[in-house]
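S.K.: There's a structure below that I have some questions on.
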């Protein structure tokens, strides 16, 4: 025991060692040790003088002495010297309270040494407690209904039972487990919820780590354990994790989520239904979709009753109750899902039964099936147009096509009036009204189909009348009928290429017989390819392509008529063979010919596209390139910009092995600014000046890319250029922005 000095005390009537010890913040043992002459601790006499040891119980060392001035208070003195009023009182036992200091009186000012306060024990089989002014181990033991020995045993860091410090954290033994986390001292405003958020844990976890804690009565200075790790999420397969709020009960939650209290209890083993804690996370089990075979799933809204629903859906209240066992007809909840039983398949005479899919609306269905929203609603009494459910079956009424003999079926757009339509189609408003009995000229609906009367069928001399189908475009029709978009435009004055209407009749102009001097007209059959035809007729693919300008070798159409050139004229007409025209003889092979003419098999095949090296025919004429120069691999070339696009940059990639040309370009102006709709790249044949083209496409970051796959060896092509064109252009007629020269690559 460490003493700084002693004082004398005169026993008063009624004093006991215990009361004297409590009054002076001492222990009975300390007083007995200072007064060995006291034979009987229970036999104190009034007026007897005893010695009281003055102990450093505050964790302060001896300090300076200070003479009180007029106006001084203990609070001002403590503030001036960087200490506390409690520390001054403990150092000066003669001071009874904070108001007992007098001017001229000398008092001792303690100096703080926080390092002298021993740390709390590392583990605590109870709870941690922070010492406040007036505490002693004896008082703390009494207050917590334990013995002084038990308190000392739980705090081996306390070497002097009479020496504890204000602010010191000690362990009060009990049944609380040790803290596997962070010791936290409660401050003003703290709640378990705010602490759970701050330390990324849950209120439940803090309560479990501090058994006996009162979450509604946290005391400033109280030391609690914040668990170091948050327990894993509450398991809730197929259900919903819910955080308890003020006022929640299991019964209210069961009603809200359309389940039962028993189901919630089973999903949360160990939950106390009578002690739900705000912030507690529980599992609300899922019930799965309400079974409703042959019926309609309906979500209750404000004001709904079983009677009103029975009337709306043309069923009985009893039928709804039977389809929803356990439903409370007097307590329908907004958002509750129930089954409205059906009475068999939806009646739909003359119409189409349709099953609702994700994203469907009555407006989109009306447009798709060429009817009106009103017609669909009339065909489906009780349907809720704002709450179509996936899987719901409805009737799309059939109206039959609007009769329009000799006229044009037209779909109303925003802004249309009968007057503007009459002007556009060169008819009168009266003629449109007569062709559409019952039409309301003041209430045209977007998507409504009407008949624009005509003056007879569209003239189409030498061509074909075609009825537009879903998906048709002028470009696809031009390809299908081997004509051009411009030709279709000329044959159908006033046609809108961006608004072809299903059922609209247009004229596909005829192109006349395919010219084929000296050759054979052939009608494409299923399975035909240019390669197979070239083999069959003993010609090359190049010869077939030259005889049919504009043909798409990758899109031959059954019934399409093409020209197969005569085999005897094919090779002689080729002026681009850089070598010898050779006639195949018996026993020839490409390998032997390559050795004989000092070239390679690959080079012979490149100059004879479509040749079958395993099936050379006697009399077949081929080109054998001579010389040692043989371009192969890939070459890259920076494309030259033009004044039309001075900032454009690009390069071409020439693949001599695969016979294709690729191009990439950046900083191209908008093609519409150059008079086109798209950018196209063109590759020119050296001798015929025939162009091969491909449309270029822009990536999201503004890089234009295109590739032209060529039917012949790349040696036979010279120029590459990129220009702004219409989508249908087959030769460069627009503004050129970049160009290259293959022969210089």
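Numbering (our numbering), first residue to last: 553 to 1297. Beta carbons are placed, not taken as given, at the ideal position from N, Cα and C, and that holds for glycine.
Counting Cβ pairs closer than 8 Å, one from the region 1030-1049 and one from the region 1278-1296, do we hit at least three?
M.R.: At 8 Å Cβ cutoff, the stretches touch.
S.K.: Using a threshold of 7 Å, is the CB atom of residue 893 nearer than that to any non-hydrogen atom of the ligand ZN?
M.R.: Within the structure as shown, the ligand ZN is missing, as the structure has no ligands at all.
S.K.: Report the residue from 599, 575, 598, 604 whose alpha carbon sits nearest the alpha carbon of residue 588.
M.R.: Of the candidates 599, 575, 598, 604, the one whose C-alpha sits nearest the C-alpha of residue 588 is 604.
S.K.: Nearest to residue 867 by alpha carbon, out of 852, 804, 892, 853?
M.R.: The candidate whose alpha carbon is nearest that of residue 867 is 892.
S.K.: What residues in its chain sit with their C-beta under 8 Å from that of residue 1127, if we drop five residues either side in the sequence?
M.R.: Residue placement at residue 1127 cannot be trusted, given a pLDDT of 39 that sits under 50; what the coordinates show is reported in the next sentence. Taken in chain order, the residues that qualify are 1239.
S.K.: Within 10 angstroms of the Cβ of residue 632, are there 16 or more other Cβ atoms? Answer buried if so, exposed if not.
M.R.: By the 10 Å Cβ count, residue 632 comes out exposed.
S.K.: Using the Cβ count rule (16 or more neighbours within 10 Å means buried), how would you classify residue 998?
M.R.: The residue is exposed, with fewer than 16 neighbouring Cβ atoms inside 10 Å.
S.K.: Using the Cβ count rule (16 or more neighbours within 10 Å means buried), how would you classify residue 1209?
M.R.: With fewer than 16 Cβ atoms within 10 Å of its Cβ, residue 1209 is classed as exposed.
S.K.: Please check the pair residue 706 and residue 673, which I expect to be a contact at CB under 8 Å, by giving their CB distance rounded to whole angstroms.
M.R.: Contact flag correct, Cβ pair sits at about 7 Å.
S.K.: Could you tell me whether the region 1147-1158 touches the region 1112-1119, using the rule of 3 or more Cβ pairs below 8 Å?
M.R.: Because the criterion of three Cβ pairs below 8 Å is not met, the region 1147-1158 and the region 1112-1119 do not touch.
S.K.: In the structure shown, what three-state DSSP assignment does residue 1212 receive?
M.R.: Three-state result, residue 1212: strand.
S.K.: In its own chain, which residues sit with a C-beta less than 8 Å from the C-beta of residue 1032, not counting the 5 before and 5 after it?
M.R.: Taken in chain order, the residues that qualify are 1109.
S.K.: Grouping DSSP H, G and I as helix and E and B as strand, with all else coil, what is residue 1225?
M.R.: Residue state, collapsed to three classes: helix.
S.K.: Which runs of the beta strand (DSSP E), 3 residues or longer, sit entirely within the region 842-930?
M.R.: Fully enclosed beta strand (DSSP E) runs of 3 or longer: 848-851, 889-892, 904-907.
S.K.: Can you tell me which of the three DSSP states residue 627 falls into?
M.R.: Helix.
S.K.: With distances taken from CA atoms, which of 1261, 1293, 1255 is nearest residue 1273?
M.R.: The option with the nearest alpha carbon to residue 1273 is 1293.
S.K.: To the nearest angstrom, how far is the alpha carbon of residue 581 from that of residue 593?
M.R.: So the alpha carbons of these two residues sit roughly 10 Å apart.
S.K.: Compute the Euclidean distance between the alpha carbons of residue 570 and residue 758, then round it to the nearest angstrom.
M.R.: Using only the alpha carbons, I get a separation of about 39 Å.
S.K.: Just reading off the beta strand (DSSP E) that residue 1231 is part of, what are its end residues?
M.R.: Counting along the chain, the beta strand (DSSP E) containing residue 1231 begins and ends at 1230-1237.
S.K.: Assuming residue 1057 contacts residue 1021 (C-beta within less than 8 Å), just tell me the rounded distance between them.
M.R.: Their Cβ separation, rounded to whole angstroms, is 12 Å, which puts residue 1057 and residue 1021 out of contact at 8 Å.
S.K.: Can you tell me the Cα-Cα spacing of residue 1288 and residue 1143, whole angstroms?
M.R.: So the two alpha carbons sit approximately 44 Å from each other.
S.K.: Spatial neighbours of residue 792 within its chain, please: CB distance less than 6 Å, with the 5 preceding and 5 following residues excluded, ordered by chain position.
M.R.: Only 836 meet the Cβ criterion.
S.K.: Which of helix, strand or coil does DSSP assign to residue 1186?
M.R.: Residue 1186 falls in the strand class under three-state DSSP.
S.K.: Report the three-state DSSP secondary structure of residue 1277 (helix, strand or coil).
M.R.: Residue 1277: strand per DSSP, three-state reduction.
S.K.: If distances are taken between C-alpha atoms only, which option among 1217, 1042, 1139 comes closest to residue 1171?
M.R.: Nearest C-alpha to residue 1171: 1139.
S.K.: Does the region 1211-1223 come close enough to the region 1189-1202 to have 3 or more Cβ pairs within less than 8 Å?
M.R.: The region 1211-1223, when compared against the region 1189-1202, does touch it at the 8 Å Cβ threshold.
S.K.: Suppose you measure from the CA of residue 1340 to the CA of residue 1229; what does that come to, to the nearest Å?
M.R.: Here the chain comprises residues numbered 553 to 1297, so residue 1340 is not present and cannot be evaluated.
S.K.: For residue 1286, which residues in the same chain have their Cβ closer than 7 Å to its Cβ, ignoring the five residues on either side in sequence?
M.R.: Result list for residue 1286: 1226, 1227, 1228, 1275, 1276, 1277, in chain order.
S.K.: Do residue 1260 and residue 1251 have their C-beta atoms within less than 8 Å of each other?
M.R.: In this structure, residue 1251 does not lie closer than 8 Å to residue 1260 by Cβ.
S.K.: What first and last residue would you give for the alpha helix (DSSP H) that runs through residue 703?
M.R.: Residues 700-706.
S.K.: Output the distance between the C-alpha atoms of residue 824 and residue 760, rounded to the nearest integer angstrom.
M.R.: Looking at the two C-alpha atoms, the distance is approximately 14 Å.
S.K.: What do you reckon, are the CB atoms on residue 940 and residue 904 nearer than 8 Å?
M.R.: Contact flag unset, no.
S.K.: Could you tell me the boundaries of the beta strand (DSSP E) in which residue 542 lies?
M.R.: Summary: the structure shown does not reach residue 542, with the chain confined to residues 553 through 1297, and so no result is reported for it.
S.K.: Where in the region 1081-1113 do unbroken runs of the alpha helix (DSSP H), each at least 4 residues long, occur, reported from the N-terminal end onward?
M.R.: Here the runs fully enclosed are 1082-1088, 1093-1099.
S.K.: Alpha carbon to alpha carbon, how far is residue 1269 from residue 1211? Give it in angstroms, no decimals.
M.R.: Going from the Cα of residue 1211 to the Cα of residue 1269 covers about 10 Å.
S.K.: Kindly list the residues whose CB is nearer than 8 Å to the CB of residue 985, restricted to its own chain and excluding five residues on each side of it in sequence; keep chain order.
M.R.: Once the five neighbours on either side are set aside, the close Cβ partners of residue 985 are 970, 991, 993.
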